[in-house]
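Peer 1: Residue numbering for the sequence shown follows the working numbering, beginning at 14 and increasing consecutively.
Glycine included, C-beta positions come from ideal geometry on N, C-alpha and C.
Computed from a predicted model, the values in this text were never measured in an experiment.
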Amino acid sequence: MCSVLACAAESAPAPIPVRDFSRWDQYQGLVLSPTGQYLAVQLRGDDGGTVLAIVNLADNQLVASAKTIPRQQIIKVSWVRDDQLVYSLAESQGPFDSPRSTGELFGLKVGGSGSRYLFGYRGEMSTGTLINKTHAEEASGYVVSRLRNDPSNVLIAVYPWNTLEPSASLYKMSVTTGAKSRVGSAPGKGWTNFLTDASGFVRYAVGRYTNLMAIDTFVRSESQPDWQAVNVGQLASANVSAVSFSTERNTAYLISDEQNRRNCLIAHRLTDNRREALACHEIASVQDYSLSHDGSTPIGVGFEPGKAELKILDEHEDARVLRMLTKAFPGYGVQITSWSDDGKKAVARVWDDRTPGEFFLFDRDTRKADHLFSARSWIDPEKMGERRPISFKSADGMTLYGYLTLPPGIAPSKLPLVVMPHGGPLTVRDGWAFDAEAQLLASRGYAVLQPNFRGSGGYGVDYIEAGTKQWGSGMIDDIAAGTKYVTDSGIADARRVCIYGVSYGGYAALMSAVRYPDLYRCTVGFAGAYDLPKQKRDSDVAETKLGRQYQDFFIGDEKADLDAQSPINHLDKLKAAVMIVHGESDERVPFSQAKLLRAALEKKGYPFEWLSYAGEGHGFYNEAHREEFCTRLLKFLDQHIGQKAVAAMP
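(1) Taking the alpha carbon of Q237 as the point to measure from, which residue in A542, M662, V215 has its own alpha carbon closest?
(2) For S111, count neighbouring C-beta atoms within 10 Å of its own C-beta (all shown protein chains included) and say buried if the count is 16 or more, exposed if not.
(3) Looking at the structure shown, is Q548 part of a helix, part of a strand, or coil, going by DSSP?
(4) Considering R528, what are the terminal residues of the beta strand (DSSP E) in which it resides?
(5) Exposed or buried, which one is A661 when buried takes at least 16 other CB atoms within 10 Å?
(6) If you check the beta carbons only, do P438 and Y517 fall under 7 Å apart?
(7) With 16 other CB atoms within 10 Å as the buried threshold, where does H384 fall?
(8) Can you tell me where the alpha helix (DSSP H) holding C277 begins and where it ends?
(9) Between which two residues does the alpha helix (DSSP H) holding F642 run?
(10) Quick one: what does DSSP say V334 is sitting in, helix, strand or coil?
(11) Tell me the DSSP secondary structure of E478 in three-state form.
(12) Please state whether DSSP places L532 in a helix, a strand or coil.
(13) Over the uninterrupted beta strand (DSSP E) stretch that includes Q300, give me the two end residues.
(14) Just the Cα atoms here: how many angstroms apart are S78 and N175?
(15) Residues in its own chain within less than 6 Å of T205 by CB, not counting five upstream and five downstream?
(16) Quick check on DSSP: helix, strand or coil for Q562?
(17) Mapping the DSSP letters down to three states, classify E295 as helix, strand or coil.
(18) How many whole angstroms separate the CB atoms of L587 and Y619, which I take to be in contact at a CB cut-off of 8 Å?
(19) Kindly indicate which three-state DSSP category F447 falls into: helix, strand or coil?
(20) Bridge partners for M488 per DSSP, in chain order?
(21) What do you reckon, are the CB atoms on L278 and V314 nearer than 7 Å?
(22) Judging by CA-CA distance, which residue of G410, A573, S426 is the nearest neighbour of A460?
(23) How many angstroms separate the CA atom of D307 from the CA atom of E330?
(24) Please confirm whether Y416 and D443 have their CB atoms less than 7 Å apart.
(25) Could you name the residues of the same chain whose beta carbon sits closer than 6 Å to that of R336, not counting the 5 residues immediately before and after it, in chain order?
(26) Between which two residues does the beta strand (DSSP E) holding F207 run?
(27) Helix, strand or coil: how does DSSP classify D599 here?
(28) Do W484 and Q548 count as a contact pair if the criterion is CB distance below 7 Å?
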């Protein structure tokens, strides 16, 4: 007979492999073709690129594919007819950098030999499968709309690069040759959000043409093709985006914060120029939405004040499908991402805090939802931890929100705690959906706090603006308030708290450790900025006038204030163990920031751990690098707040 301890050791399940959490999502997006015969599938490549595959749903056979180079992503896949789609490319320095469109357009045809280069600055080049040459243009092109009555062409907007204030021109572009014919232009200079009617005629335009702090709206019709101004300069708003246009209702649908300073779904009735809020939430902004099968009308709007909430709009018959799906998947977030033209088939994405994402094909005739793909098929939701929505008060009385991931199968009492502030920081947020890093830490017995401090998105304009010039002050205080809330509740052990973050989160990890030295036993800065004046000067954000204005407005423009909010100037207060992680090719937060911190710590004789990789940018793309970092992170945490730390405590 074995001893009690030996038997327990034998029966204890093996920990989930680190790689299961460090790997990328396998499936990222699915789009149905117009007849529903084909499915465009976006997959993540092992090198950080994207694979786009077209699958025949009749026999599940691959009928076309395209692949990008590392650090490029395929975005905005648009079917233009049943055997042809158009897609765009985006590039990013790393997984924590927002992808930036290259302005190029490519075509992919069922049964074709590869992608066709249709529009962009590399028109005369051949790269990988992009073998078809076309005229190079120093401009960015974006798909505005499919042309249902003209399937040989697609409507695009083109922005030239040779001006500081480009104005969009509208073109019909051949989906086989890239040849273009001009059909119109934007009503003003700058970025424009266009909406088309059912025939593909551009009816509505939204932009900031007269004042960067106000929204301008223009409308037109086929009988009156010249742009007519409505509400010019009247909507002082931080965010307006055009969603869809209903010809039948003569209504444009928008996501806007114009009515209650949180993003709502707005209907702009053009008949009487009336704007009506259709879906708002008392706490949260719009998170996502589902459209009718013809793309004209929103049928559901998602919010995330804590867990996912869905408001179904019943003014369109397709809302019945969304209602059936929510009944089939109670407690989950549900979004319809694409339809067949006849509305008989729809692709739905389903998720919750433990489920990374499941894709289903719904058949309206049979009322059945067949499983297609899992974003991470290797993840067992039953073994994941609960992501508990929380709210707490800041030091100055502001109500703040966040998420606490709890280790599965362990009583939530006196747990070691990892505080994980998000990057951005402004307008970015952590949500209820599955978070691989938080679940990795929870699988090793850690509680994980992700506070949506002031400046975070998702809760309205006032919440965001409260973070203005608060990088090293109010935001850091909010993170500390959230930490104390969790430890005071008894869920976490106040003696075993570590803070870890990426990008702004990396900055916050070090700044928190010097401002609250008795609160955190260890700190991990990944791609963090530690000297704000140098960060403002050296970051690629400073390469544009708009970027410099953003930095001055939200971070600050007084050197004394920036110095005071730079953790590198306060290392004499540091008590926590330190780990520094950075990509050596990072341009958003240059590698020099990590080297400055390393040199300052070495000068003081302060010990630290170090991990950097050549060729990596703002975060790590390479899966082997990601796995090694996660392994090193777990070892570091175990040493300072895990079982090894407990063994060393008095």
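Peer 2: In brief:
(1) For this step, residue 237 is matched to residue 224 along the sequence shown. The option with the nearest alpha carbon to Q237 is V215.
(2) By one-based count along the sequence shown, residue 111 stands at place 98. Classification for S111: exposed.
(3) The residue labelled residue 548 in the question sits at position 535 within the sequence shown. Residue state, collapsed to three classes: helix.
(4) In the sequence shown, counting from the first residue as 1, residue 528 sits at position 515. Where R528 is concerned, there is no enclosing beta strand (DSSP E), although the alpha helix (DSSP H) it sits in stretches over 517 to 528.
(5) As a working note, residue 661 is residue 648 in the sequence shown. Burial call: exposed.
(6) Residue 438 sits at position 425 when you count from the first residue of the sequence shown. Residue 517 sits at position 504 when you count from the first residue of the sequence shown. The answer is yes: Cβ separation under 7 Å.
(7) Within the sequence shown, residue 384 is the residue found at index 371, counting from 1. With fewer than 16 other Cβ atoms within 10 Å, it is exposed.
(8) Counting from 1 along the sequence shown, the entry for residue 277 is found at position 264. No alpha helix (DSSP H) holds C277; the beta strand (DSSP E) holding it covers 277 to 282.
(9) Your numbering for residue 642 matches position 629 in the sequence shown. Element bounds for F642: 636 to 653.
(10) Start at 1 with the first residue of the sequence shown, and residue 334 comes out as number 321. Three-state result, V334: helix.
(11) As a first step, residue 478 is located in the sequence shown; it is residue number 465 there, counting from the start. In this structure, E478 counts as helix in the three-state DSSP scheme.
(12) Here residue 532 corresponds to residue number 519 of the sequence shown, with the count starting at 1. Here L532 sits in coil by DSSP.
(13) In the sequence shown, the residue the question calls residue 300 occupies position 287. Where Q300 is concerned, the enclosing beta strand (DSSP E) stretches over 299 to 304.
(14) For this step, residue 78 is matched to residue 65 along the sequence shown. For this step, residue 175 is matched to residue 162 along the sequence shown. Using only the alpha carbons, I get a separation of about 34 Å.
(15) On the sequence shown, residue 205 is found 192 positions in, with the first residue counted as 1. The residues are A181, A199, A218, G220.
(16) Numbered from its first residue, the sequence shown carries residue 562 at position 549. Three-state result, Q562: helix.
(17) Working through the sequence shown from its first residue, we reach residue 295 at position 282. Coil.
(18) Against the sequence shown, residue 587 aligns to sequence position 574. Against the sequence shown, residue 619 aligns to sequence position 606. At roughly 7 Å, the Cβ-Cβ gap stays under 8 Å, so L587 and Y619 are in contact.
(19) Looking up residue 447 in the sequence shown gives position 434. Of the three classes helix, strand and coil, the one that applies to F447 here is coil, per DSSP.
(20) Residue numbering aside, residue 488 sits at position 475 when the sequence shown is read from its first letter. None; M488 has no bridge partner.
(21) Within the sequence shown, the letter at position 265 stands for residue 278. Within the sequence shown, the letter at position 301 stands for residue 314. Yes. Within cutoff.
(22) Along the sequence shown, read from residue 1 onward, the residue named residue 460 stands at position 447. Of the candidates G410, A573, S426, the one whose C-alpha sits nearest the C-alpha of A460 is S426.
(23) Numbered from its first residue, the sequence shown carries residue 307 at position 294. Numbered from its first residue, the sequence shown carries residue 330 at position 317. About 12 Å.
(24) In the sequence shown, counting from the first residue as 1, residue 416 sits at position 403. In the sequence shown, counting from the first residue as 1, residue 443 sits at position 430. A contact, by the Cβ cut-off of 7 Å.
(25) Locating residue 336 in the sequence shown gives position 323, where the first residue counts as 1. Taken in chain order, the residues that qualify are I325.
(26) Stepping through the sequence shown from its first residue, residue 207 is reached at position 194. Per DSSP, F207 belongs to the beta strand (DSSP E) from 205 to 209.
(27) Translated into positions along the sequence shown, residue 599 becomes position 586. Note: D599 maps to coil in three-state DSSP.
(28) Position 535 of the sequence shown, counting from 1, holds the residue named residue 548. Position 471 of the sequence shown, counting from 1, holds the residue named residue 484. Contact: no.
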